[in-house]
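Engineer: Can you read through this structure? Questions will come right after.
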Amino acid sequence: MANGYNGKILVVDLTAGSHEVREPEERWYRTYWGGTGIIAETLLNEIDPDIDPLGPENVLIFACSVVTGAPIAGFNRYSVGAKSPLTGGFARTEAAGFFGPELKFAGFDAIIIRGAAEKPVYLWINDGQVEILDGASLWGLDNWETLESLRQLTGEKRVRVVSIGPAGEQLVSYACLQNDLEHFNGRTGMGAVMGSKNLKAIAVRGTAKLSMADPEKVKEIGSWHRERIKTHPPNVGLSKFGTSVLVEGVNASGFMPTRNFKEGQFEGADKLSAEPYHETIFHSRGTCWQCSVACKRRVELEDADYPLDKRFGGVEYESLAAFGSMLEIDNLPAIAYANQLCNLLGLDTISTGCVIAFAMECFDKGILTTADTGGKSIGFGDVDALIWLIKQIAAREGIGDVLSLGVKRAAEKIGGGADRYAFHIKGQELGLHDGRGKTGMGLGFALGATGGDHIETPHDVAFQGDGISKLFPLGLLDPVDPVKTDAAKVRFFHVGQKAWGINNLLGLCNFCSVPIHALTFSRLEEAVRAITGWDTSLYEIVLGVERANVMSRVFNNRCGFTPDDDTVIRRWFEKMPSGPLKGMRFDPDKFRGWIDLYYEMSGWDSEGRPTRGKLVELGLDWLVED
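When we follow our numbering, the leftmost residue of the sequence shown carries the number 12, and every step to the right adds one.
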């Protein structure tokens, strides 16, 4: 009997209007674990890398892990993956909330969606029963309207829903998924893939309990974890202020991206930080399955121009930077309203903010003019332009149609030197952390399979001084300088990437778990053993992470990515013009050497391809090509 997981994968064929259940053996679960591993294995086995990401041949994967849904804080995340319409390569994006555990309680560890329906549909999973139902009445609704409609259609107030908004229906390349209006699979354009399949939503209700190998031990670890969260400093700050607590420190340190990555400090950051946030728009805290950190914010404001509704969640650090410092806007209610619009329409706030920053700089440089925008001015600092552009992008109207493609392809269409201001890595817009102040994160952006994703890589600043002790169990003993790049920093990233990868593999929240937050490596080992009954170790888990990373790399190689794609944006090769990091940059003459060193550490050849020996070492013999 399986413990921690169901042993069942739901496979839905929307073209045929049918479904089946796959029952992998235990060895498969112990090899691929969940999240990144299941997504990469599925993509490599199920699709041709040359397919159109928005064609019916693409598959969309919702993947929990062998520990998702265990009653421990942070064991609640799930991943969604496909071939990305934004990057043309490997896609994986994570979300917390309640959907992942609910899917497990409904009897399935993952969903694989093939084909495309002729007309809009939604998927209804109710305690193991699966139906593909007419979704015509849902098409065109925003995410709030979709959730309310599905509560009525299913007759279940506690139904958990993943849906797309109008942006996903319009195939915006960075459209996202939402669950329960507060949790988002934001990066890589999974909303567009779901829209291309005419799949509006997945509704899930599950009442079963997962079997635990040692339920008393799981209970003990869960209790210990909840108590530690109350006093563990990083968790205390997140509980009190959410991610807005990051604004002040990031800005003071000089790596808060400002005016489309020109600078690292924003003069209006004090208006966006935790104190004014909680004095003006904060309403209440929200949380996820079994989580006592409760970092989610809900906001409310009666304002004629920027009305905020607590039902639609709250604005996080990434969005504060994306719609604030990146655009030279310090109007907190307007930023929160922009975030709310994106939540309802189904747009990734990081990409949306970066795309608008690109458009604003192009406008200020004269590359875009009022002739391109229908007479509308869209320069930096223009709040009205921000709100207008979000609506244009979601509807793919006017200039929004071009901007809906992401900065890389938008710049190609606009021409006139627009590419000089189109900042992306592997086609994806960057998380809001300037790599000149976090060089390990910069390497992560360059080398990550999905491009500029801040969830893929360690944040250097946490590992200065005694902070490095958090990585002792992985063999890193020496603290790092956040702004220095050398062989030791490459090693730091190489090891730290595995620590972050644990959370993406097992579906653990970064704000609850290793290496920074309350759950330690040793207690994580104990938890996995108690949940699954496997005699496992941190070594085996990390091996699973490396296996997943290698599979995602192989997929990208097959999609045509080369070492030239393993780089950072032009502005990070230029000296920071001001602030605490004035003069800092990545050395363009040395950068390629750091990438090559990482290849060597990883067992990859000079073209960034995992060697035969590395594949065999990881049990990936089936990927060895003649």
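Note that beta-carbon positions come from the ideal geometry of N, C-alpha and C, so glycine has one too.
1. Taking all protein chains shown into account, decide if residue 169 is buried (16 or more other Cβ within 10 angstroms of its Cβ) or exposed.
2. Counting only beta-carbon atoms, is residue 89 nearer than 8 Å to chain B?
3. What residues in its chain sit with their C-beta under 7 Å from that of residue 145, if we drop five residues either side in the sequence?
4. Give the straight-line distance between the Cα atoms of residue 626 and residue 88, rounded to the nearest whole angstrom.
5. What whole-angstrom Cβ distance do residue 393 and residue 344 have, given they're in contact under 8 Å?
6. Pair every Cβ in the segment 557-564 with every Cβ in the segment 46-55, then say whether three or more of these pairs are closer than 8 Å.
7. Given that a residue counts as buried once 16 or more other Cβ atoms are within 10 Å of its Cβ, and exposed if not, what is residue 372?
8. Compute the Euclidean distance between the alpha carbons of residue 218 and residue 608, then round it to the nearest angstrom.
9. Quick one, are the C-beta atoms of residue 186 and residue 459 less than 8 Å apart?
10. Would you mind reading off the limits of the alpha helix (DSSP H) that contains residue 229?
11. Based on the DSSP output, what are the partners of residue 125 in its beta bridges?
12. Taking contact to mean 3 or more Cβ pairs, one atom from each stretch, closer than 8 Å, check whether the segment 494-511 and the segment 66-73 are in contact.
13. According to DSSP, residue 195 sits in a beta bridge with which residue or residues?
14. By alpha-carbon positions, which one of 256, 461, 515, 76 ends up nearest to residue 308?
15. Could you name the residues of the same chain whose beta carbon sits closer than 6 Å to that of residue 598, not counting the 5 residues immediately before and after it, in chain order?
16. Using the Cα positions of residue 384 and residue 407, report the straight-line distance between them to the nearest angstrom.
17. For residue 45, write down the residues that DSSP places opposite it in a beta bridge.
18. Starting from residue 539, follow the alpha helix (DSSP H) in both directions and report where the run begins and ends.
19. Given residue 628, which residues of its chain have a CB within under 8 Å of its CB, disregarding the five upstream and five downstream residues?
20. Return the Cβ separation of residue 46 and residue 90 in integer angstroms, given the expectation that the two are a contact with Cβ distance under 8 Å.
21. Note down the Cα distance separating residue 97 from residue 414, rounded to an integer number of angstroms.
22. Apart from the five residues on each side of it in sequence, which residues of its chain come closer than 6 Å, Cβ to Cβ, to residue 577?
23. Could you tell me whether the Cβ atoms of residue 176 and residue 191 are closer together than 8 Å?
24. Once the 5 residues before and after residue 279 are set aside, which same chain residues still bring their CB inside 6 Å of it?
25. Do the segment 324-335 and the segment 253-270 make contact, defined as three or more Cβ pairs closer than 8 Å?
26. Closer than 8 Å by C-beta to residue 491: which residues in its own chain qualify, once you throw out the five before and the five after it? Chain order, please.
27. Hey, would you say residue 101 sits closer than 8 Å to residue 461, going by beta carbons?
28. Buried or exposed, going by whether 16 or more other CB atoms sit within 10 Å of the CB of residue 135?
29. Could you give the DSSP three-state label for residue 19: helix, strand or coil?
30. Between the segment 481-490 and the segment 521-533, do at least 3 Cβ pairs fall closer than 8 Å?
31. Nearest to residue 638 by CA position, among 137, 39, 304, 332, is which residue?
32. Please classify residue 449 as buried or exposed, where buried requires at least 16 neighbouring CB atoms within 10 angstroms.
33. Below 8 Å between beta carbons: does that hold for residue 113 and residue 229?
34. Whose C-beta lies closer than 8 Å to the C-beta of residue 411 among residues of the same chain, with five residues either side of it excluded?
35. Measuring CB atoms only, is the segment 544-557 touching the segment 584-592, in the sense that at least three cross pairs come out at less than 8 Å?
36. How many whole angstroms separate the CB atoms of residue 203 and residue 184, which I take to be in contact at a CB cut-off of 8 Å?
Structural biologist: This is what the structure gives:
1. exposed
2. In the structure shown, chain B does not exist; there is a single protein chain.
3. 132
4. The C-alpha of residue 626 lies about 28 Å from the C-alpha of residue 88.
5. Incorrect: roughly 16 Å between the Cβ atoms, too far for contact.
6. yes
7. buried
8. 50 Å
9. Residue 459 is positioned such that its CB atom lies no closer than 8 Å to that of residue 186.
10. 226-242
11. Paired residue(s): 24.
12. no
13. 189
14. 256
15. none
16. 13 Å
17. 76
18. 532-543
19. 614
20. 4 Å
21. About 12 Å.
22. 457, 458, 606.
23. no
24. 341
25. In short, these stretches touch, since the Cβ pair count reaches three.
26. 451, 471, 474, 475, 479, 499, 500, 503
27. yes
28. By the beta-carbon neighbour count (other beta carbons within 10 angstroms, threshold 16), residue 135 is buried.
29. coil
30. yes
31. This structure cannot speak to residue 638, because the chain is shown only from 12 to 637.
32. buried
33. For residue 113 and residue 229, no; Cβs fall outside 8 Å.
34. 400, 402, 403, 404, 405
35. no
36. 6 Å
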